[in-house]
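Here the structure is laid out as structure tokens; the discussion comes afterwards.
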Amino acid sequence: MAKYRKLSKTSSQRKALLRNQVTALLQHGKIVTTEARAKEIRKIVEPLIALAVKEKDNFDLVKVNAKVARKDANGKRVKEVVDGKKVTVYDEVEKEIKKDRPSRLHARSKINAVVYVPTEVPAKGAAKKKNTKSLDLAKKLFDEYGPKYEGRKGGYTRIVKIGLRKGDAAMEVLLELV
-4 MAKYRKLSKT SSQRKALLRN QVTALLQHGK IVTTEARAKE IRKIVEPLIA LAVKEKDNFD
56 LVKVNAKVAR KDANGKRVKE VVDGKKVTVY DEVEKEIKKD RPSRLHARSK INAVVYVPTE
116 VPAKGAAKKK NTKSLDLAKK LFDEYGPKYE GRKGGYTRIV KIGLRKGDAA MEVLLELV
């Protein structure tokens, strides 16, 4: 018996397809796909969520001093003239950051090896590259899904059959996070 479904694709195509759909599922919480693909995606997503649940509180809070650019009322950086050059003015700010412990850092790198880094474009100001922002799905897994599924011992996804697809009569399903 095979360990995985080939999905009528070469290995590179199959891996890219599964990574893409795993990323979409973690980003949006549900996707519509075929039954065979959903069963393969489930095999990838469930261990990632279990890893996030295990490592959700495994960090240290560290205080650091950071330099932050001073900004005016419009949100632009304040500049001063020093020796004939315009130089940005910085303020020292004390921040508290989360520093991952080694096992959580390893879990983060495992998650990032499986998922893509999606970019989110806001509806207002779309088509402007500077308005896009990259989403950290590892952070979302640790901060959102970890506490959500804390008391659960597996079974983080649900497959609901929708019906046959019109073009090729493949069984379509809704794969969602419970």
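Residue numbers (this note's numbering): -4 to 173. Cβ coordinates follow ideal geometry from the N, Cα and C atoms, glycine included.
Look up leucine 159 in the DSSP assignment and say whether it is helix, strand or coil.
Working through the sequence shown from its first residue, we reach residue 159 at position 164. Leucine 159 falls in the strand class under three-state DSSP.
Leaving out five residues before and five after glutamate 87 in sequence, what residues of the same chain have Cβ atoms less than 7 Å from its Cβ?
Walking along the sequence shown from the start, residue 87 turns up at place 92. Contacts found: Asn60, Lys62.
Taking the alpha carbon of valine 173 as the point to measure from, which residue in Gly150, Lys156, Ala45, Ile157 has its own alpha carbon closest?
As a working mapping, residue 173 is identified with position 178 in the sequence shown. Closest by C-alpha distance to valine 173, out of Gly150, Lys156, Ala45, Ile157, is Gly150.
Contacting residues, own chain, Cβ-Cβ under 8 Å from glycine 178 (five flanking each side not counted)
A query on residue 178 cannot be resolved here, the shown segment of the chain reaching from -4 to 173 and no further.
Identify whether leucine 130 lies in helix, strand or coil by the three-state DSSP scheme.
If you number the sequence shown from 1, residue 130 lands on position 135. DSSP places leucine 130 outside both helix and strand once states are collapsed to three, so it counts as coil.
Going by C-alpha distance, which of Leu12, Asn126, Leu136 is nearest glutamate 41?
The count along the sequence shown starts at 1 and reaches residue 41 at position 46. Looking at the Cα atoms, Leu136 is the closest of the given residues.
Option in Thr28, Ala(-3), Ala11, Ala47 with minimal Cα separation from lysine 148:
Locating residue 148 in the sequence shown gives position 153, counting from the first residue. For the residues Thr28, Ala(-3), Ala11, Ala47, the minimum Cα distance to lysine 148 belongs to Ala47.
The region 28 to 37 contacting the region -2 to 14, beta-carbon criterion three pairs below 8 Å:
Contact check between the region 28 to 37 and the region -2 to 14: three or more CB pairs, one atom from each, fall below 8 Å, which counts as touching.
Glutamate 50, enclosing beta strand (DSSP E) - first and last residue
As a working mapping, residue 50 is identified with position 55 in the sequence shown. No beta strand (DSSP E) contains glutamate 50, which is instead part of the alpha helix (DSSP H) from 30 to 50.
Distance, Cα to Cα, alanine 68 vs asparagine 126?
Within the sequence shown, residue 68 is the residue found at index 73, counting from 1. Within the sequence shown, residue 126 is the residue found at index 131, counting from 1. Distance between the alpha carbons of alanine 68 and asparagine 126 is about 20 Å.
Sorted by chain position, which residues of the same chain lie with C-beta nearer than 6 Å to glutamate 115's C-beta, five sequence neighbours on each side aside?
Translated into positions along the sequence shown, residue 115 becomes position 120. Closer than 6 Å at Cβ, skipping near neighbours: Lys128, Leu130.
Smallest Cα separation from lysine 58: which of Arg65, Glu89, Leu43?
Taking the first residue of the sequence shown as position 1, residue 58 is located at position 63. Ranking the options by Cα distance to lysine 58, first place goes to Glu89.
Measure the alpha-carbon distance for lysine 158 versus methionine 166 and round it to whole angstroms.
By 1-based counting over the sequence shown, the position of residue 158 is 163. By 1-based counting over the sequence shown, the position of residue 166 is 171. Looking at the sequence itself, residue 158 is glycine, so the reference to lysine does not match. Going by the C-alpha atoms only, they are around 6 Å apart.
In chain order, what residues of the same chain lie with their CB nearer than 6 Å to the CB of arginine 211, ignoring the 5 residues before and after it?
Residue 211 cannot be examined here, being either before or after the span of the chain that is shown, -4 to 173.
Here's the rule: buried if 16 or more other CB atoms are within 10 angstroms of the residue's CB, otherwise exposed. What is alanine 102?
Translated into the one-based positions of the sequence shown, residue 102 becomes position 107. The residue in question, alanine 102, is buried, as its Cβ has 16 or more Cβ neighbours within 10 Å.
Can you find the residues in the same chain that come closer than 8 Å, C-beta to C-beta, to arginine 99, ignoring five residues on each side of it along the sequence?
Working through the sequence shown from its first residue, we reach residue 99 at position 104. Closer than 8 Å at the Cβ level, and outside the excluded window around arginine 99, lie Glu50, Asn53, Phe54, Phe137.
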